[in-house]
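A.B. asks: One structure, as structure tokens, below. Some questions next.
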Amino acid sequence: MRNYFTLLRKSFEMELSSELAYKWNFIIKSVALVLLSIVTPLVTLLIYSNTSGIPGWGFEEFILFQGTIILVLGVGRFCMLEFPARVIQNIRKGEFEKFLTKPFDPLLYLTFSSVQIEGLAEIATGLALVAWSFIKLNLSIISIGFLLYIFLIILAILFVYSFMILISALAFLFVDSWALFDLFFRFTDLARYPTSVYGAGVRFFITFIFPLAILGNYPAEALTKGISLGLILEIIIPVIIFFIISLFLWKWAMKKYTSAGG
Amino acid sequence: MIKKFLASLKIGLKSAVIYRFHFYVGLVTAPLTLLIYYYLWKSIYGFSGQTIINGFSFELLVSYYAINTIVAWIVYSEVDEWFERNILNGELTVDLIIPIHLFPYYFLIHQGFNIFCLVVETLPFLFIATMVFNIQLPGVGMILAFIVGLLLALLLNFMIAYLVGLGAFWLKRITGMRRAKNTIVMFLAGGILPLSFFPIWFQKISEFLPFQYIRNSIINIWLYPQSLVELLKIYFMQLFWIGIFWLIISFVWKKASKKFSGVGV
Amino acid sequence: MTQNIIEVKNLKKMYKTHEREPGLINAAKSIFKRNYRIDYALRGINLSINKGEIVGFIGPNGAGKSTTIKILSGILYPDEGEVNVLGFVPWKERVKYVQNIGVVFGQKTQLWWDLPAIDTFELNKDLYKIPKEVFKRRLKFMMKVMNVERVIKKPVRDLSLGERMKCQTIAALLHKPKLVFLDEPTIGLDVVAKERYRNFILETNERFGTTFLITTHDMQDVEKLCKRVIIINHGKIVYDGPLKEIKEKYMTTKILDVKFDGKPVGFKCKGCIVLKRGRCGLKIKVDLSKKKIRDVIDYLIGEFEVLDINIQDTPIEEIIQKIYQEKND
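Here the protein sequences line up with chains R, W and L, keeping their order. Per numbering that gives the first Met the number 0, residue 0 is the first one in the first sequence, and the count goes up by one each step. Per numbering that gives the first Met the number 0, residue 0 is the first one in the second sequence, and the count goes up by one each step. Per numbering that gives the first Met the number 0, residue 0 is the first one in the third sequence, and the count goes up by one each step.
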């Protein structure tokens with residue numbers, strides 16, 4: 000396991016170095032990312048100042064919601080997003096074998112060697128938004144709600160990871176997997192608003208079938224409104240199942256790939 | 000001259016056909032995005048109890064988002080990304096040894112893509128949107144006015160991307176600039192929220208900025224019947240900004256082409 | 000009657016690059032402070048080329064060959080110097096100028112990657128305003144000589160390097176340019192294809208009087224194609240004259256790469272120097288003024304269990320070294 004952490008550290012250093020190589024791009028990008036992180040709360044502010052807002056979610060609560068999802072997807076971008084992208088690229092060029100010849104498990108190797116620095120900006124934005132609404136809403140860190148919040152966020156990150164594994168596995172099966180990558184990613188847009196805005200069908204879909212609601216809705220709900228134990232179980236199970244299916248698909252795809260001889 | 004231009008358009012169209020899957024994806028995701036906005040605003044309208052918010056009824060706002068998608072696709076430009084890629088790997092050299100200026104060449108190749116997009120993506124989406132979400136078509140006159148505005152918006156948006164792309168001659172990597180441009184243009188052009196949701200003081204300033212003439216003003220031509228004066232005002236501002244960008248691009252291009260070193264990575 | 004179609008005077012070009020020590024800390028430091036280095040790619044080049052010539056432009060990596068070609072084809076702006084090609088200053092009036100020339104970069108392709116080569120040909124037909132009949136005739140002729148009739152309808156990405164190079168050359172010559180720059184054109188071609196390619200260039204040169212300026216690493220290209228050679232090193236021209244002279248004066252050695260079955264013991268031969276001694280191989284430099292290459296091979300085969308012999312020309316670096324030596328003497 001220590002090897003994998005060395006790998007992660009090295010990847011981070013390499014990635015940062017190559018970003019720094021383009022000096023002005025790095026500076027402009029850093030400034031831009033900070034500025035851009037304002038856009039999401041700004042849109043929310045404009046909506047809430049023109050209307051009564053989204054039913055069931057006050058302004059601060061909705062900012063907490065958005066901060067949470069930005070944080071979770073930021074973690075995803077920081078250490079996971081690069082991973083399916085690399086799988087797709089290397090399969091296309093017929094160079095995936097190089098991951099099989101390394102003294103690491105290919106899935107873990109890809110996971111720990113894929114870093115995208117930009118994710119840090121999103122993580123920071125997410126944390127800032129969550130912290131701001133936390134204070135405004137007078138929430139306490141020492142509470143069951145907060146414990147649940149942390150737990151559900153970890154679950155959400157697991158879901159993002161499963162998602163990346165799934166896309167990577169599918170890359171072995173479909174030729175034009177970039178399109179698929181794109182398609183899947185647009186589906187996460189469904190998670191950007193509370194489940195309560197949708198009809199029952201969509202709500203069922205993003206809770207149980209393709210549990211996108213874990214990304215923001217349920218952690219934020221657990222913290223601001225409280226959530227019943229039964230519902231928590233109902234949320235956890237689909238995520239775990241999704242993880243297992245993705246892992247299974249990956250193993251299957253790898254087996255198929257290696258036995259076909261590339 | 001015309002022959003050169005048509006040839007560039009044609010080659011763009013041909014390569015768009017190769018990447019057609021990319022466009023089919025849009026045909027799935029765009030209705031999805033529209034659906035999300037539909038649900039979001041439905042709950043907001045229901046909660047606030049108003050039928051009209053900032054001049055928009057719920058149906059009109061959904062139409063706004065639908066037309067927004069169509070306008071966004073038609074004026075779409077990724078020429079900044081082309082510059083970044085071609086300068087990083089040195090491929091720009093091969094675009095400089097053919098007897099056509101880079102601006103019309105890239106513009107027309109891009110329009111080849113966009114025409115293909117129009118046929119397989121935009122028009123089918125318009126059809127789906129009108130069927131499912133009950134989007135109203137404007138009168139013939141307004142459709143013509145809409146198309147004129149759209150074509151000018153197309154050129155204006157391309158020029159903004161082109162100018163950002165020229166930045167790659169100095170910075171090589173312009174991912175930061177591109178990200179900033181994409182989000183700023185989208186937000187200030189009314190791509191996320193109609194500008195009437197913005198504070199009045201900002202709306203006043205926005206009239207003098209180029210952004211709203213890429214999306215919001217054009218969408219409005221579709222949604223509301225406009226007087227001739229209003230139309231001319233929009234066109235004038237578009238032409239004004241096209242002129243301004245033309246001057247800046249010519250100036251920057253002169254400097255940029257001197258800067259080009261033609262080496263690959 | 001000859002006339003100059005390329006006239007270059009005192010051409011200079013420099014690049015500014017930066018360098019840094021390895022490691023993250025140094026990467027972070029480089030944000031604030033950078034060590035810039037100025038590389039002089041060209042340090043004052045003078046040359047003139049006549050109509051109908053085929054000139055070989057050779058030199059080691061980084062000598063300034065590509066930079067010169069890029070300036071002459073209007074892509075790069077020089078820092079100093081005068082250039083006149085076909086009556087144009089290449090980097091001014093680029094679009095009008097490139098109508099008259101053809102350029103092939105061996106490392107980059109002007110063919111549309113995902114489309115069949117024929118689509119690029121047709122694009123060029125319109126861009127260069129080639130009449131339909133002329134286009135058809137010329138394409139047919141070139142396809143036949145290059146033997147690519149069967150590949151032009153396949154997407155370019157599926158072509159072999161050699162096929163791509165041939166198609167690229169066709170694309171660059173369709174409009175019958177008066178002057179053609181070829182930058183490493185035979186990279187990736189096999190022996191037969193190289194021969195075909197060279198014949199094509201010779202034929203084009205003879206039939207249409209096309210002028211060629213060719214950079215290459217393959218001395219065979221130069222020997223087969225060029226009567227005149229320009230050698231460039233560190234941004235300066237060190238030799239400009241007939242190939243014959245180079246051959247007689249400086250290409251006086253050949254390198255033999257020999258593989259044996261077992262360890263070669265007791266190799267000794269007049270006029271030969273062993274450059275490298277491997278476990279089952281020898282790298283031998285043969286001085287042609289003292290010994291015929293044939294005799295060395297006869298000796299090798301007679302005395303040893305030879306598995307393979309590979310004959311190479313004098314490396315360009317050595318020719319340059321000799322030229323310098325002679326200048327200093």
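All C-beta atoms in this analysis are idealised placements derived from N, C-alpha and C, irrespective of residue type, glycine included.
Can you check whether the CB of valine 129/R is closer than 9 Å to the CB of threonine 67/R?
C.D. replies: yes
A.B. asks: One question on the structure: do glutamate 233/R and phenylalanine 207/R come within less than 9 Å of each other, judged by their Cβ atoms?
C.D. replies: yes
A.B. asks: What does DSSP give as the partner residues of glutamate 79/L in its beta bridges?
C.D. replies: Lys11/L
A.B. asks: Would you identify the three-state DSSP class for tyrosine 197/R, choosing helix, strand or coil?
C.D. replies: coil
A.B. asks: Inspect the beta-carbon positions of lysine 62/W and leucine 222/W and report whether they are closer than 9 Å.
C.D. replies: Sequence inspection shows serine at residue 62/W; the lysine mentioned does not correspond to that position. The answer is yes: Cβ separation under 9 Å.
A.B. asks: Anything in the stretch 141-152 of chain W with a Cβ closer than 9 Å to a Cβ of chain R? List those residues in chain order, please.
C.D. replies: none
A.B. asks: Buried or exposed, going by whether 16 or more other CB atoms sit within 10 Å of the CB of asparagine 216/R?
C.D. replies: buried
A.B. asks: At the 9 Å Cβ level, is leucine 95/W part of the contact set with chain L, yes or no?
C.D. replies: yes
A.B. asks: Can you tell me whether leucine 151/R is buried or exposed? The criterion is at least 16 other CB atoms within 10 Å of its CB, across all chains shown.
C.D. replies: buried
A.B. asks: According to the Cβ coordinates, are methionine 250/L and isoleucine 318/L closer than 9 Å?
C.D. replies: Cβ distance < 9 Å, so methionine 250/L and isoleucine 318/L count as in contact.
A.B. asks: Tell me the DSSP secondary structure of proline 115/L in three-state form.
C.D. replies: strand
A.B. asks: So, using beta-carbon positions, are lysine 326/L and glycine 43/L closer together than 9 Å?
C.D. replies: No; because the gap between Cβ atoms is not below 9 Å, this pair is not in contact.
A.B. asks: Closer than 9 Å, CB to CB, is glutamate 121/L near chain W or not?
C.D. replies: Yes, glutamate 121/L counts as interfacial toward chain W.
A.B. asks: State the beta-bridge partners of glutamate 6/L as determined by DSSP.
C.D. replies: Ser47/L, Asn83/L, per the DSSP bridge assignment.
A.B. asks: So what's histidine 17/L in DSSP terms, helix, strand or just coil?
C.D. replies: strand
A.B. asks: Assuming isoleucine 74/L and isoleucine 96/W form a contact by the criterion Cβ under 8 Å, report the distance between their Cβ atoms to the nearest whole angstrom.
C.D. replies: About 7 Å separates the Cβ atoms of isoleucine 74/L and isoleucine 96/W, confirming a contact at the 8 Å cut-off.
A.B. asks: Taking only the alpha-carbon atoms, compute the straight-line gap between phenylalanine 259/W and methionine 218/L and give it to the nearest angstrom.
C.D. replies: 31 Å
A.B. asks: Is any beta-carbon of chain W found at less than 9 Å from that of proline 54/R?
C.D. replies: yes
A.B. asks: Who are the near neighbours of tyrosine 256/R in its chain, counting only those whose CB is closer than 8 Å to its CB and skipping five residues on each side?
C.D. replies: Phe95, Phe171
A.B. asks: Smallest Cα separation from arginine 227/L: which of Tyr76/L, Val257/L, Gly51/L?
C.D. replies: Gly51/L
A.B. asks: Does the stretch 266-275 of chain L come close enough to the stretch 284-294 of chain L that 3 or more CB-CB pairs lie under 8 Å?
C.D. replies: yes
A.B. asks: Which value, in whole angstroms, describes the spacing of the CA atoms of leucine 281/L and leucine 110/L?
C.D. replies: 43 Å
A.B. asks: Between the stretch 32-43 of chain R and chain W, which residues of the former have a C-beta closer than 9 Å to a C-beta of the latter?
C.D. replies: Leu32, Leu34, Leu35, Val38, Leu41, Val42
A.B. asks: Give me the subset of the stretch 144-159 of chain R whose CB atoms are less than 7 Å from a CB atom of chain W, sorted by chain position.
C.D. replies: none
A.B. asks: Within 9 Å (strictly less), CB to CB, does serine 29/L reach chain R?
C.D. replies: yes
A.B. asks: With DSSP run on the structure shown, which of helix, strand or coil describes glycine 52/R?
C.D. replies: Annotated three-state conformation of glycine 52/R is coil, per DSSP.
A.B. asks: Go to cysteine 166/L, then tell me how far its alpha helix (DSSP H) extends in each direction, as first and last residue.
C.D. replies: From DSSP, the alpha helix (DSSP H) with cysteine 166/L extends over 160-172.
A.B. asks: Do you know whose CA, among Ser14/W, Trp169/W, Lys3/W, Leu136/W, lies nearest lysine 15/L's CA?
C.D. replies: Trp169/W
A.B. asks: For leucine 23/L, return the contacting residues in chain R, with the cut-off set at a CB-CB distance below 7 Å.
C.D. replies: Glu12, Leu15, Ser16
A.B. asks: Which residues in chain L sit within 9 Å of phenylalanine 58/R, going by Cβ to Cβ distance?
C.D. replies: None at all; the shortest Cβ gap to chain L is about 38 Å.
A.B. asks: DSSP three-state call for aspartate 79/W: helix, strand or coil?
C.D. replies: helix
A.B. asks: Quick check on methionine 176/W: buried or exposed, where buried means 16 or more other Cβ atoms within 10 Å of its Cβ?
C.D. replies: buried
A.B. asks: On the premise that isoleucine 4/L lies in contact with leucine 71/L, defined as a C-beta separation below 8 Å, what is that separation, rounded to the nearest angstrom?
C.D. replies: In fact, because the Cβ distance is near 11 Å, the residues do not count as touching under 8 Å.
A.B. asks: Can you find a heavy atom of the ligand HEM that lies under 8 Å from the Cβ of valine 163/W?
C.D. replies: The ligand HEM is not among the ligands present in this structure, which contains no ligands whatsoever.
A.B. asks: From the DSSP secondary-structure annotation, give me the bridge partner or partners of threonine 252/L.
C.D. replies: Asp286/L
A.B. asks: Going by beta carbon distance, what residues of the same chain come within less than 8 Å of methionine 141/W, once the five residues before and after it are set aside?
C.D. replies: Ile220, Trp221, Pro224, Gln225
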